[in-house]
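Please read the structure below before turning to the comments.
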Amino acid sequence: MASTTPAEGAPAVAMGGDGGGGGGGGGGVAQLRLPSADEIRAQDIFNNCAVRTAVSGVMGGGMGVFMGMLFGALDTPLHAETMTARQQFVHAARTMGSRSMHMAKTFAIMGAIFSGTECLVEKARAKHDTVNTVTAGCVTGGSMSARAGPQAACLGCAGFAAFSVLIEKIFDRHE
Amino acid sequence: MASQVPPGVPVDREQIFGMAQQEMEYRVDLFNKLTQTCFDKCVERKYKEADLNVGENSCIDRCVAKYWQVTGIVGQMLGSNRSPLG
Numbered sequence: 001m002a003s004t005t006p007a008e009g010a011p012a013v014a015m016g017g018d019g020g021g022g023g024g025g026g027g028g029v030a031q032l033r034l035p036s037a038d039e040i041r042a043q044d045i046f047n048n049c050a051v052r053t054a055v056s057g058v059m060g061g062g063m064g065v066f067m068g069m070l071f072g073a074l075d076t077p078l079h080a081e082t083m084t085a086r087q088q089f090v091h092a093a094r095t096m097g098s099r100s101m102h103m104a105k106t107f108a109i110m111g112a113i114f115s116g117t118e119c120l121v122e123k124a125r126a127k128h129d130t131v132n133t134v135t136a137g138c139v140t141g142g143s144m145s146a147r148a149g150p151q152a153a154c155l156g157c158a159g160f161a162a163f164s165v166l167i168e169k170i171f172d173r174h175e
Numbered sequence: 001m002a003s004q005v006p007p008g009v010p011v012d013r014e015q016i017f018g019m020a021q022q023e024m025e026y027r028v029d030l031f032n033k034l035t036q037t038c039f040d041k042c043v044e045r046k047y048k049e050a051d052l053n054v055g056e057n058s059c060i061d062r063c064v065a066k067y068w069q070v071t072g073i074v075g076q077m078l079g080s081n082r083s084p085l086g
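So the protein lines, in turn, are chains A and B. According to the UniProt record's numbering, the first sequence is numbered sequentially starting from 1. According to the UniProt record's numbering, the second sequence is numbered sequentially starting from 1.
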């Protein structure tokens with residue numbers, strides 16, 4: 001037992017606990033700090049596939065609400081001249097509301113499926129590649145257009161995969 | 001391995017300290033080698049972002065588990081069978 005205590009102390013010393021990194025170098029250099037236990041736990045929580053799916057679903061829903069409001073505002077009724085301003089406003093509000101809910105659901109499902117699939121595939125392969133993005137995009141596009149038949153599913157798969165690779169490249173350039 | 005003192009051996013403070021120091025050096029060396037091996041294997045040299053990806057995390061998990069298993073197996077083989085194999 002006496003030998004395990006110094007052994008367990010050694011990795012702690014080697015890892016520097018939290019915030020024990022050396023501050024060498026010039027005065028303007030940022031100090032290196034090993035991640036604290038809280039940061040590691042936060043990263044672990046975000047690395048969980050279920051959490052990622054939920055977060056992406058919520059973000060997709062938010063985006064869907066905005067896009068629904070945008071498209072709903074552009075959707076003017078046919079008999080616009082015979083309605084008073086108040087009636088037009090009520091009609092526009094209802095259209096925007098229903099459109100928002102519908103788009104929010106669609107985007108939320110899309111985001112959740114994409115994020116969940118990408119996370120699972122990446123966890124299984126243990127590699128960070130574009131193959132994960134392509135697979136997730138294909139599954140998402142295919143499942144969204146699966147109702148329209150196998151050919152539409154293939155087209156949806158290819159189209160969404162290409163779209164998600166494009167978005168990934170754009171985000172890679174920024175970060 | 002080195003942590004068990006066989007009964008009947010005269011307990012010497014220097015001896016225990018030496019064994020503990022040896023064990024600690026062994027552990028530190030094992031940790032350093034493990035970190036270096038799994039880092040080289042799992043993390044790409046293109047450092048595009050500061051945080052580990054899901055893939056890299058999972059790779060490091062597997063790498064550490066396998067390394068530990070290999071260490072255990074090799075330790076057992078070395079410990080049990082003193083004569084060189086083959």
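Cβ coordinates follow ideal geometry from the N, Cα and C atoms, glycine included. These figures come from a predicted structure and were not determined experimentally.
Beta-carbon proximity check, residue i vs residue j, cutoff 9 Å
i: A:S143; j: A:I167; result: no
i: A:G68; j: A:M101; result: yes
i: A:E118; j: A:T133; result: yes
i: A:M110; j: A:T140; result: yes
i: B:C59; j: B:T37; result: no
i: A:V55; j: A:S115; result: yes
i: A:T95; j: A:G72; result: yes
i: B:V14; j: A:H128; result: The sequence shown places Glu at residue 14 of chain B, rather than the Val named in the question. Contact flag unset, no.
Backbone secondary structure at residue i - three-state DSSP
i: A:P150; result: helix
i: A:G22; result: Caution applies to A:G22, whose pLDDT of 42 falls short of 50 and renders its modelled position unreliable; the value that the coordinates give is listed next. In this structure, A:G22 counts as coil in the three-state DSSP scheme.
i: A:G156; result: helix
i: B:D12; result: coil
i: B:K41; result: helix
i: B:Y47; result: coil
i: B:S58; result: helix
i: A:A126; result: coil
i: B:L52; result: coil
i: B:Q69; result: helix
i: A:A30; result: coil
i: A:S98; result: helix
i: A:N132; result: helix
i: residue 222 of chain A; result: Any question about residue 222 of chain A goes unanswered here, given that chain A covers just 1 to 175.
i: A:S36; result: coil
i: B:N32; result: helix
i: A:T84; result: coil
i: A:S145; result: coil
Nearest-angstrom Cβ-Cβ length linking residue i and residue j, presumed shorter than 8 Å
i: A:S98; j: A:A136; result: Not really, about 30 Å apart at Cβ, beyond 8 Å.
i: A:C138; j: A:F171; result: Wrong, their Cβ atoms sit about 19 Å apart, outside the cutoff.
- Would you call the stretch 120-128 of chain A and the stretch 52-61 of chain B touching, i.e. three or more CB-CB distances under 8 Å? Three or more pairs of CB atoms, one per stretch, sit closer than 8 Å, so the stretch 120-128 of chain A contacts the stretch 52-61 of chain B.
- Query: Should the stretch 85-93 of chain A be regarded as contacting the stretch 59-68 of chain A, the criterion being three or more beta carbon pairs within less than 8 Å?
  - Reply: no
- Message: Quick check for students: name the residue ranges of the alpha helix (DSSP H) that lie wholly in the stretch 43-77 of chain A, counting only runs of 4 or more.
- Response: 49-74
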